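Have a look at the structure below, then the notes.
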Amino acid sequence: MQTLKHFSQAALCVLALACAAGAQANQLEDIQKKGEITIGVDISAPPYGMVDENAKQTGFDIDAARLLAESLGVKLVVVPVTGPTRVQFLRTKKVDAIMASFSITEERKKVIDFSDPYGVVPVVVGGPASEKIEGPRDLSGKAIAVTRGTTSDKIITDSTKDVPDVTIVRYQDDATTNTAVMTGQQKYIVAASSVLPEIKKTSPNTDIAFKYTAVSFPMGVGIRQNEPEFKARVNEWVAANLKNGKLNSIYQKYFFGQSLPEEMLK
24 MQTLKHFSQA ALCVLALACA AGAQANQLED IQKKGEITIG VDISAPPYGM
74 VDENAKQTGF DIDAARLLAE SLGVKLVVVP VTGPTRVQFL RTKKVDAIMA
124 SFSITEERKK VIDFSDPYGV VPVVVGGPAS EKIEGPRDLS GKAIAVTRGT
174 TSDKIITDST KDVPDVTIVR YQDDATTNTA VMTGQQKYIV AASSVLPEIK
224 KTSPNTDIAF KYTAVSFPMG VGIRQNEPEF KARVNEWVAA NLKNGKLNSI
274 YQKYFFGQSL PEEMLK
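Below, the structure is given as structure tokens:
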């Protein structure tokens with residue numbers, strides 16, 4: 024009887040784990056049943072996400088999100104997010120996924136999951152054209168603007184931790200960070216490489232130029248942990264659309280003809 028009791032308890036545990044795994048793997052099914060997918064996009068981070076002169080949402084991530092929704096056969100619902108709110112919106116189920124220049128880092132992978140890379144986010148430092156800034160050491164005595172909670176924030180914080188007299192000025196979103204530079208409140212900025220030409224386009228008189236690349240990160244679709252079916256389906260989409268050139272065409276459209284790294288397209 025004791026053996027039978029232990030066997031029954033073990034069987035119940037296995038059944039419970041199986042049920043839990045089944046429940047965790049239902050997001051893809053839920054999206055298809057709803058007929059829509061909610062994707063968080065930062066529409067204040069051109070050219071990844073922005074609003075054009077006709078008040079239409081556009082950008083690399085917007086077009087890529089439309090392509091993903093089309094592949095799933097569902098309607099796309101875009102939910103605006105900012106750098107600091109991306110993880111929060113995903114974990115609290117305000118969105119099904121995040122496509123917001125979301126670089127893949129080990130720190131983020133502790134609390135969320137990512138698809139395979141579908142794009143890249145180069146992080147660069149910009150400053151006055153006449154200044155010679157070739158690396159973190161040259162930022163000594165400088166104040167540099169960054170958007171709070173982003174990869175750029177972590178990179179500049181880590182790379183200057185041993186550099187004396189560096190002031191990191193953190194802003195709540197990309198639009199505010201860029202405005203601080205355009206209005207002369209800050210002379211230096213660390214951000215995605217796409218930000219510098221956007222600042223010059225919006226404010227041609229701003230004295231800002233590329234100084235150096237801090238790091239270049241692959242970016243993925245942010246998804247919740249323990250969603251194997253959904254992750255596998257998104258990875259299939261990534262692989263197919265890198266191979267057929269659609270994601271590269273979108274990237275070229277918004278990055279002045281630049282292509283995704285060759286190793287991603289093989």
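Here this note's numbering runs 23 ahead of the position in the sequence shown, where the first position is 1. Backbone N, C-alpha and C define an ideal beta-carbon position, used for all residues, glycine too. Model, not experiment: these values are computed from the prediction.
A residue is called buried when at least 16 other Cβ atoms come within 10 angstroms of its Cβ; R131 meets this threshold and is buried. When secondary structure is reduced to three states using DSSP, D136 falls in the strand class. Taking every protein chain shown into account, the CB of D181 has fewer than 16 other CB atoms within 10 angstroms, so this residue is exposed. Burial check for K117: the Cβ neighbour count within 10 Å stays below 16, so the residue is exposed. Residue Q195 holds the alpha-carbon nearest to the alpha-carbon of S67 among Q195, A232, K165 and I273. Where A166 is concerned, the enclosing beta strand (DSSP E) starts and stops at A166 to T170. Using a Cβ distance threshold of 7 Å, V213 and I179 count as a contacting pair.
The DSSP-derived three-state label of Y211 is strand.
In the three-state reduction of the DSSP assignment, R193 falls in the strand class, which pools E and B. For I178, the uninterrupted alpha helix (DSSP H) segment begins and ends at T174 to S182. With contacts defined by Cβ atoms closer than 7 Å, V148 and Y235 form a contacting pair.
L99 is bridged by DSSP to I60. For F112, there is no enclosing beta strand (DSSP E); the enclosing alpha helix (DSSP H) has its first and last residue at R109 to R114.
If you draw a 10 Å sphere on the C-beta of N77, you find fewer than 16 other C-beta atoms in it, and that means exposed. Here the alpha carbons of E93 and Y277 stand approximately 20 Å from one another. Ranked by Cα distance from G82, the first of A255, A232 and E221 is E221.
The Cβ-Cβ distance between Q209 and V192 falls below 7 Å.
Rounded to the nearest angstrom, the gap between the Cα atoms of K184 and R160 is 10 Å. Across the structure, P241 and T128 are spaced so that their CA atoms are roughly 9 Å apart.
The residue among L162, E59 and V74 with its C-alpha nearest the C-alpha of V97 is E59.
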